[in-house]
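As numbered in the working numbering, residues 27 to 129 make up the sequence shown, in order. Here's the structure, in structure tokens; my notes come after.
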Amino acid sequence: MRRDQVLEIKKALANATRLDILKWLKDPASNFPPHSELGHFDFGVCGQFIQEKSGLSQPTISNYLATMHKAGLLIPTRHGKWTYFQRNEKTIEAYINEMKNNL
Numbered sequence: 027m028r029r030d031q032v033l034e035i036k037k038a039l040a041n042a043t044r045l046d047i048l049k050w051l052k053d054p055a056s057n058f059p060p061h062s063e064l065g066h067f068d069f070g071v072c073g074q075f076i077q078e079k080s081g082l083s084q085p086t087i088s089n090y091l092a093t094m095h096k097a098g099l100l101i102p103t104r105h106g107k108w109t110y111f112q113r114n115e116k117t118i119e120a121y122i123n124e125m126k127n128n129l
């Protein structure tokens, strides 16, 4: 894993709400209502549900999700006017291994 990516991830995780979002997305069925139009979480969780659960403003959550996407922690998928987010397990695993092996 590149050093700049490690630093981006550390910055993204240095915020309690962003860390909560990653935890919530680990088990979306337990943390979010089902998507009425999709009925499942194959594409992730709608950004609106993340915003509502966090209790923060839409611009703040959009910024947080963009930061997490830039760091490689989230995969966004666009469906119509909605964006769905899921964890990037490959990047998360690489980051954990990097920390275990080099810290």
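Backbone N, C-alpha and C fix where the C-beta goes; we use that ideal spot for every residue, glycine too. Only a predicted model underlies this, so the values are computations on that prediction, with no experimental measurement involved.
- Each residue's CA atom was taken as its position, placing E115 and I35 some 13 Å apart.
- For R44, the closest of S56, R28, M27, G98 by C-alpha to C-alpha distance is G98.
- The DSSP assignment places complete beta strand (DSSP E) segments of no fewer than 3 residues inside the segment 73-114 at 100-105, 108-113, in order along the chain.
- Between I101 and Q112 a beta carbon distance of about 5 Å is seen, short of the 8 Å cut, so the two are scored as contacting.
- The beta-carbon separation of W50 and K96, rounded to 19 Å, does not stay under the 8 Å limit for a contact.
- For A120 and Q31, the gap between their C-alpha atoms comes out near 11 Å.
- About 4 Å separates the beta carbon of G70 from that of Y110, a gap short enough to meet the 8 Å contact definition.
- Burial check for L91: the Cβ neighbour count within 10 Å reaches 16 or more, so the residue is buried.
- If you ignore the 5 residues before and after D46, its C-beta comes within less than 8 Å of the C-beta of S80, all in its own chain and listed in chain order.
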